[in-house]
Structures are given as structure tokens and as C-alpha cells.
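Trainee:
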Amino acid sequence: MAKLIIEAGQARKHYWRDLWRYRELFYFLAWRDLLVRYRQTAIGLTWAILRPLLTMIVLTVIFGRVAKLTVPGVPQPILVLAGMLPWQFFSNSLSDSSNSLVANANLISKIYFPRLVVPTSSLLVNLVDFFISFVMLLVLFVWYHYPLTWHFLFLPPLVVLGFLAALGPGLFITALNVKYRDFKYVIPFIVQFGLLVSPVGFSSSLVTERWGVLCRLLYSLNPVVGVIDGFRWAICPKEPFYWPGFVVSLAVIGLMLAYGLNYFRRMERAFADII
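Each residue of the sequence shown is one higher than the one before, counting from -4 in my numbering.
1. Relative to the C-alpha of P194, which candidate in T144, F226, D124 has its C-alpha closest?
2. Would you call the CB atoms of F266 and L166 closer than 8 Å?
3. Is it buried or exposed, S92, if we count other Cβ atoms within 10 angstroms and call 16 or more buried?
4. Mind listing, in chain order, the continuous beta strand (DSSP E) runs of no fewer than 3 residues lying wholly within the region 7 to 87?
5. According to DSSP, simplified to helix, strand and coil, what is L143?
6. Assuming contact is defined by CB atoms lying nearer than 8 Å, are S116 and D28 in contact in what I supplied?
7. For the region 169 to 207, list the alpha helix (DSSP H) runs that are entirely contained and at least 4 residues long, ordered along the chain.
8. Which whole-angstrom value describes the C-beta separation of A161 and F85, a residue pair presumed to lie in contact below a C-beta threshold of 8 Å?
9. Have a look at Y107 and E19 and give me their C-alpha separation to the nearest angstrom.
10. Count the other CB atoms within 10 Å of the CB of A253; is the residue buried (16 or more) or exposed (fewer)?
11. Assuming G163 and G255 make a contact with CB atoms under 8 Å, what is their CB distance in whole Å?
12. For S98, collect the residues of the same chain with a Cβ closer than 7 Å to its Cβ; drop the 5 residues on either side in sequence, then sort them by chain order.
13. Once DSSP output is grouped into helix, strand and coil, what is the label at K105?
14. May I have the straight-line CA-CA distance separating S128 from V120, to the nearest angstrom?
15. What three-state label does DSSP hand F266 in the structure shown?
16. Drop a sphere of 10 angstroms on the beta-carbon of E263, count the other beta-carbons inside from all chains shown, and report buried for 16 or more, exposed for fewer.
17. Between the alpha carbons of T169 and H140, how many angstroms are there, rounded?
18. When the Cα atoms are used, what is the spatial distance from F126 to A43?
19. Would W238 count as contacting chain D if we go by Cβ distances under 8 Å?
20. Do you know whose CA, among S199, A229, V134, lies nearest P218's CA?
21. Buried or exposed for D177, going by 16 or more other Cβ atoms inside 10 Å?
22. Report yes or no: do three or more beta-carbon pairs, one from the region 223 to 241 and one from the region 148 to 156, lie closer than 8 Å?
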């Protein structure tokens, strides 16, 4: 006859083992959210291509035709889309993960499972959107006869880096949002402001040319800058790779991930009572 032993602190002690045991819940929640996102829409998953396409056209006109912030030898639509795809993944992941615990309040208040599953699964949904939108970038490569180089092999680790860049602040904000619902109004402002201070429609090298190396390093404190610069370097062979700025962004991503995870774990025990 099987025995059930209740041990004080057992859930905390075996947290990471439980996280692996509940790995199927990642896929279930991600698949559910993916179905809900495009349910009762006329064109379904086509929105994953249409949204970045329209945004790319607008940013190409603004930064390419009007502001003349171009890179010689790189088609402006490819330059813009190479920056917009990681930014869109980051911004959508931050928005969805920050509200994920509140949206799953009924599930959290009824059963035990590692709560880290919920915000992480919302990132997986946006990862699917990212790969669908990436097809549009490949189409542009064919359209402009733009060459692929060995830099392209670095895209998978850069995707993982973008995932971690969104996970850190996402965990911190979603934990705060459980107690302070005001953050659901703050996140859209953060996303809009982040678009303006991130190199989505232009190359980060322009910051060095106009304001110097120190400003470029300070600019790299924005963790998304390192991710976008890495994507552009992997996709556009003529785009220079700025190692000092990338290292700064990498350090910020690591610090934000460590702090976000630590804060989430400290607040996790009270989620079911507060939510």
C-alpha cells in the first residue's frame, strides 16, 4: 500500500524536480493559449505575419525614406524586420507573462504546481508567433537576393537569449501584478517607450557615430539592444557586431533574470492567497 508522507517545506525542497515533472503542463497551457489567441478570427495565424508586416512597412518609411537612417548594402525592409522580430517577441512576451498569473487565477487557487510554469508557457506561445513571422524574413531574403552567411548559425542561441531577456522582467512584473493590479496599465506604456529607445528601425552603430562610444555603452544597458544587435549581425553580414555593448546587455539580462526569478520564488507561496 502506497504511503503519502507530508513533509514541511517539501514543495520548496523539490521545486525544481517538480518543475520537470510538470513539464507537460508547459505544452498544455501554451497550446491552450495559442488556440484562444486566434479563436474566432477570420484569418487565424495569418495575424502573426500581418502584424509585423504592417509595422515593418511603417518603420521602413519613417526610418528609411524620411529619416534616412540606412545601412549601405542592406535593404531597409530586412534591416527593420531583423530588429522588429526580436523586439516584437520581447514586448509580446512581457505583456502576456505579466498578466499570466492573474489570468489563470482559478487554476492557481485550486491545485499545486510550480507557478513558474504559467509565465514561462506564455513565452512559448509568442515563440510560435516568432517562428511564423520569421518566414516573412526568409521571403525578403529571396526577394532581394540577399545572401545568407555562416552568421545565420548563431540565430538559435540568440533566440534563447531573447527568451531569457523577456523571462527575467516578466517574472518580476507578474509577481508584482498579483498584488498590485496597477501594473496592467503600466506595461503598455513600458512597451511603447521601449520601442522608442530600442534600435528597431535603425542600426545601433548610428549611436556611436553621433554620440560616441560611452553613449553606445550606456545605450546597451537596455537588454533588448544586445538581442537586436545580435540578430542583425546574424542576418545582415554587413552589420558590424559591437562586442562591448553585447557584453553589457548580456550582463543586464543575467542580473534581471536572477533578480526576477528570486523575487518570483519569494512571492510564490502567497500567490494563491492574494490572487
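All C-beta atoms, glycine included, are put in the ideal place defined by N, C-alpha and C.
Mentor: Let's see:
1. On the sequence shown, residue 194 is found 199 positions in, with the first residue counted as 1. Ranking T144, F226, D124 by Cα distance to P194 puts F226 first.
2. For the purposes of this step, residue 266 is identified with residue 271 of the sequence shown, where counting begins at 1. For the purposes of this step, residue 166 is identified with residue 171 of the sequence shown, where counting begins at 1. Their beta carbons are not under 8 Å apart, which means F266 does not touch L166 by this criterion.
3. For the purposes of this step, residue 92 is taken as residue 97 along the sequence shown, with counting starting at 1. Burial call: buried.
4. none
5. Taking the sequence shown and counting its residues from 1, the one referred to as residue 143 is at position 148. In the three-state reduction of the DSSP assignment, L143 falls in the coil class.
6. Taking the sequence shown and counting its residues from 1, the one referred to as residue 116 is at position 121. Taking the sequence shown and counting its residues from 1, the one referred to as residue 28 is at position 33. Cβ distance < 8 Å, so S116 and D28 count as in contact.
7. 178 to 191, 200 to 206
8. What you label residue 161 is simply residue 166 of the sequence shown in a count that begins at 1. What you label residue 85 is simply residue 90 of the sequence shown in a count that begins at 1. Confirmed, Cβ separation roughly 5 Å.
9. Within the sequence shown, numbered from 1, the residue matching residue 107 stands at position 112. Within the sequence shown, numbered from 1, the residue matching residue 19 stands at position 24. Their Cα atoms are separated by approximately 15 Å.
10. Against the sequence shown, residue 253 aligns to sequence position 258. By the 10 Å Cβ count, A253 comes out exposed.
11. Reading the sequence shown from its first residue, position 168 is the one you call residue 163. Reading the sequence shown from its first residue, position 260 is the one you call residue 255. Sure, about 4 Å apart at Cβ, within 8 Å.
12. Taking the first residue of the sequence shown as position 1, residue 98 is located at position 103. Sequence inspection shows Ala at residue 98; the Ser mentioned does not correspond to that position. Within the same chain, A98 has no close Cβ partners at all.
13. Start at 1 with the first residue of the sequence shown, and residue 105 comes out as number 110. Annotated three-state conformation of K105 is helix, per DSSP.
14. On the sequence shown, position 133 is the one that residue 128 refers to. On the sequence shown, position 125 is the one that residue 120 refers to. Each residue's alpha carbon lies about 13 Å from the other.
15. The sequence position of residue 266 within the sequence shown is 271, counting from 1. If DSSP states are grouped into helix, strand and coil, F266 belongs with the helices.
16. What you label residue 263 is simply residue 268 of the sequence shown in a count that begins at 1. Its Cβ being crowded by 16 or more others within 10 Å, E263 is buried.
17. Start at 1 with the first residue of the sequence shown, and residue 169 comes out as number 174. Start at 1 with the first residue of the sequence shown, and residue 140 comes out as number 145. Cα to Cα, the separation comes out at about 43 Å.
18. As a first step, residue 126 is located in the sequence shown; it is residue number 131 there, counting from the start. As a first step, residue 43 is located in the sequence shown; it is residue number 48 there, counting from the start. The C-alpha of A43 is placed about 9 Å away from the C-alpha of F126.
19. Absent here is chain D; the protein component of the structure consists of one chain.
20. Position 223 of the sequence shown holds residue 218. Closest option to P218, Cα to Cα, is S199.
21. Indexing the sequence shown from 1 puts residue 177 at position 182. Around the beta carbon of D177, a 10 Å sphere encloses fewer than 16 other beta carbons of the protein chains shown; the residue is thus reported as exposed.
22. yes
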